[in-house]
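Remarks on the structure that follows.
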Amino acid sequence: MLDTKTIRETPELVRAAIAKKHLDVDLAPVIAADAAWRVLLQEVETLRSKQKAANNEMAAMPKGSPEFKAKVAEMKEVSAQVKELDASLKVAEEALREHMLSVPNIPHSSVPEGSTPEDNVVYATNGDVAAVSAHAVPHYDVPGFEKLFDFTRGSKVTGAGFPFYVGDAARLVRALISFFLDEDGKAGYIEVNPPIFVNAASATATGQLPDKEGQMYETTPDRLFAVPTAEVPLTNFFRDEIVDESELPIKRCAYTPCFRREAGSHGKDVRGLNRLHQFDKVELLKWVHPSSSYEELDKLRLDAEHLLQKLGLPYRVLLMCGGDLGFSQSKKYDLEVWAAGQKRWLEVSSCSNFESFQARRAQIRFRSKETGRPELVHTLNGSGLAVPRVLAAIIENNLQADGRVKIPQALVAYFGKEYLAFN
RNA sequence: GGAGAGGUGUCAGAGUGGUCGAAUGAGCAUGAUUGGAAAUCAUGUGUACCAGCAAUGGUACCGAGGGUUCGAAUCCCUCCCUCUCCGCCA
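Each residue of the first sequence is one higher than the last, beginning at 3 in the working numbering.
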């Protein structure tokens, strides 16, 4: 959420942001809602002020006196007015809030113009795409795949997109999670094991609610939501709190399973491990001082890149254009790993700066030494990394002539073997 | 799940219908004192929103939401959370 002041005082800035993101949001009703709310607010406050003054007078009067009784009669009317206006004010307030929630975050000046994925800028590449397995096939076509990644049983037991990982597959998943957490820990992120269900307030603070409700799994009757990413519980950790300025930047990482209903996604993109309803991911989170959030974003991205480098996987970094930015993001890099069998790039991390957009909604602040007042932190996050797609890339890129998969050296100690065999 | 107690400012803790944004103490900040410090003394010390160039003024906030009342931290209702005891349990 943006500050209402930004919309009130610099609407042209916000309109430019909407245009850059190629969104269709009309600012006029937002501004009108704000104006209407302020008029009502002032009316209510004037009446309340009257009430308060009368209160003090009445406190000094003898209870049963005629002047007291007269005041009561007079104030009775004011009281009724306040009640009525206050109800309107609440409606206006809610309307304003809803309007405000429809306004996206402002992209950073370094974000390239563009409306489609083709407009994203290839910011960096690492590793040799041509050097990986010559006889690679898509991981889901590798003979024996279904034995280790049992989608059929998963469908029976739960539904499509909920595979069983069996034997070495399960072991490799565990190895990757441990590897990621260990490396992230070395990079200074404190490991957290968060709840994987969150309440509606938390889901609202990070923007899943109210609009993206259908993308989450929801429990009955408690109305808790299975987390779509560890970002949700992690970001909410400091919700409605004022953290110590000297502790910034705060860096945390967390492994959770992630649950996404992703209704409406079909086709080749969803085959095998490419897109699942439940998958494992380690998430990196930072709460930083506003003055350094873009530096911290670059560092965060490098921390995620480091993982791919250690695994020896070719990847590229995309700087996302305005049109491909999320609603609440100011700047975003995507990390895409090369999957030699499918011959395509798979997104395994998305590193974003939200500036104060999330922090405002979640009320996460620090007390500034400089001004002595609480200020909003900037929040950043990125995957470090998403497990199934990394797994797919390892399988495809490291597939040997004999059908086995060579385990990246950095993982061997975690996995316990040099090769993964499908039969 | 059952029974009880409780949720007030940075913290501890008073306040059971009116002048309470809220006593008192601690903490913190500034100043005095000191060679310097401790101690002591004085003053100050919440957040948000609105109006205003500003100084400043106004309003709200005592777990959350409703209600009663001219007036609610204080009374009533609902919900949430914490603690203690009991039960159940990975």
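Each residue gets a CB set at the ideal place from its N, CA and C atoms; glycine is no exception. If you're wondering where the values come from, they're calculated on a predicted model, not measured in any experiment.
Residues that residue i bridges to, as DSSP identifies them
{"i": "residue 256", "result": "194, 285"}
{"i": "residue 261", "result": "280"}
{"i": "residue 219", "result": "Beta-bridge pairing links residue 219 to no other residue."}
{"i": "residue 376", "result": "369"}
{"i": "residue 153", "result": "None; residue 153 has no bridge partner."}
{"i": "residue 425", "result": "In the DSSP output, where bridge partners are listed per residue, residue 425 has none listed."}
{"i": "residue 244", "result": "367"}
{"i": "residue 355", "result": "333, 382"}
{"i": "residue 227", "result": "200, 220"}
{"i": "residue 123", "result": "321"}
{"i": "residue 338", "result": "318, 349"}
{"i": "residue 58", "result": "Answer is none; residue 58 lacks a bridge partner."}
Residues of its chain near residue i, where Cβ-Cβ distance is below 6 angstroms and the 5 sequence neighbours each way are ignored
{"i": "residue 329", "result": "106"}
{"i": "residue 362", "result": "3, 378"}
{"i": "residue 121", "result": "323"}
{"i": "residue 240", "result": "366"}
{"i": "residue 315", "result": "339, 395"}
{"i": "residue 171", "result": "150, 151"}
Status (buried if at least 16 other CB within 10 Å, exposed otherwise) for residue i
{"i": "residue 344", "result": "buried"}
{"i": "residue 192", "result": "exposed"}
{"i": "residue 137", "result": "exposed"}
{"i": "residue 187", "result": "exposed"}
{"i": "residue 233", "result": "buried"}
{"i": "residue 159", "result": "exposed"}
{"i": "residue 334", "result": "buried"}
{"i": "residue 15", "result": "exposed"}
{"i": "residue 375", "result": "exposed"}
{"i": "residue 66", "result": "exposed"}
{"i": "residue 358", "result": "buried"}
{"i": "residue 23", "result": "buried"}
{"i": "residue 58", "result": "exposed"}
{"i": "residue 89", "result": "exposed"}
{"i": "residue 185", "result": "buried"}
{"i": "residue 224", "result": "exposed"}
{"i": "residue 373", "result": "exposed"}
{"i": "residue 403", "result": "exposed"}
{"i": "residue 177", "result": "buried"}
Proximity below 9 angstroms, CB of residue i to CB of residue j
{"i": "residue 260", "j": "residue 299", "result": "no"}
{"i": "residue 385", "j": "residue 351", "result": "yes"}
{"i": "residue 307", "j": "residue 231", "result": "no"}
{"i": "residue 109", "j": "residue 331", "result": "yes"}
{"i": "residue 297", "j": "residue 317", "result": "no"}
{"i": "residue 45", "j": "residue 103", "result": "no"}
{"i": "residue 53", "j": "residue 27", "result": "no"}
{"i": "residue 254", "j": "residue 194", "result": "yes"}
Whole-Å CB distance - residue i paired with residue j, under 8 angstroms assumed
{"i": "residue 125", "j": "residue 320", "result": "6 angstroms"}
{"i": "residue 423", "j": "residue 135", "result": "Between residue 135 and residue 423 the Cβ distance is about 16 angstroms, and since that is not below 8 angstroms, they are no contact."}
{"i": "residue 340", "j": "residue 131", "result": "5 angstroms"}
{"i": "residue 288", "j": "residue 244", "result": "With 8 angstroms as the limit, residue 288 and residue 244 do not qualify as a contact, their Cβ atoms being about 17 angstroms apart."}
{"i": "residue 397", "j": "residue 282", "result": "The Cβ separation is near 16 angstroms, so there is no contact."}
{"i": "residue 62", "j": "residue 73", "result": "That pair is no contact at about 11 angstroms."}
{"i": "residue 42", "j": "residue 91", "result": "5 angstroms"}
{"i": "residue 238", "j": "residue 293", "result": "Actually they are not in contact, since the Cβ atoms of residue 238 and residue 293 sit about 24 angstroms apart, beyond 8 angstroms."}
{"i": "residue 152", "j": "residue 140", "result": "Going by Cβ atoms, the distance from residue 152 to residue 140 rounds to 17 angstroms, so no, they are not a contact pair."}
{"i": "residue 146", "j": "residue 399", "result": "About 18 angstroms separates the two Cβ atoms, so there is no contact after all."}
{"i": "residue 305", "j": "residue 119", "result": "Actually they are not in contact, since the Cβ atoms of residue 305 and residue 119 sit about 24 angstroms apart, beyond 8 angstroms."}
{"i": "residue 174", "j": "residue 302", "result": "At roughly 26 angstroms, the Cβ-Cβ gap does not stay under 8 angstroms, so residue 174 and residue 302 are not in contact."}
{"i": "residue 370", "j": "residue 247", "result": "6 angstroms"}
{"i": "residue 218", "j": "residue 207", "result": "Between residue 207 and residue 218 the Cβ distance is about 14 angstroms, and since that is not below 8 angstroms, they are no contact."}
Nonlocal neighbours in the same chain, by C-beta distance under 7 angstroms from residue i, ignoring five residues either side
{"i": "residue 39", "result": "94, 95, 98"}
{"i": "residue 276", "result": "348, 391, 394"}
{"i": "residue 311", "result": "128"}
{"i": "residue 101", "result": "31, 32, 35"}
{"i": "residue 226", "result": "199, 200, 201"}
{"i": "residue 409", "result": "417, 419, 420, 421, 422"}
{"i": "residue 412", "result": "181, 312, 313"}
{"i": "residue 196", "result": "232, 235, 236, 256, 258"}
{"i": "residue 154", "result": "148"}
{"i": "residue 242", "result": "365"}
{"i": "residue 169", "result": "150"}
{"i": "residue 7", "result": "none"}
Nonlocal neighbours in the same chain, by C-beta distance under 8 angstroms from residue i, ignoring five residues either side
{"i": "residue 83", "result": "49"}
{"i": "residue 271", "result": "277"}
{"i": "residue 10", "result": "33, 36"}
{"i": "residue 250", "result": "289, 290, 291, 368, 379"}
{"i": "residue 161", "result": "279"}
{"i": "residue 143", "result": "343"}
{"i": "residue 157", "result": "164"}
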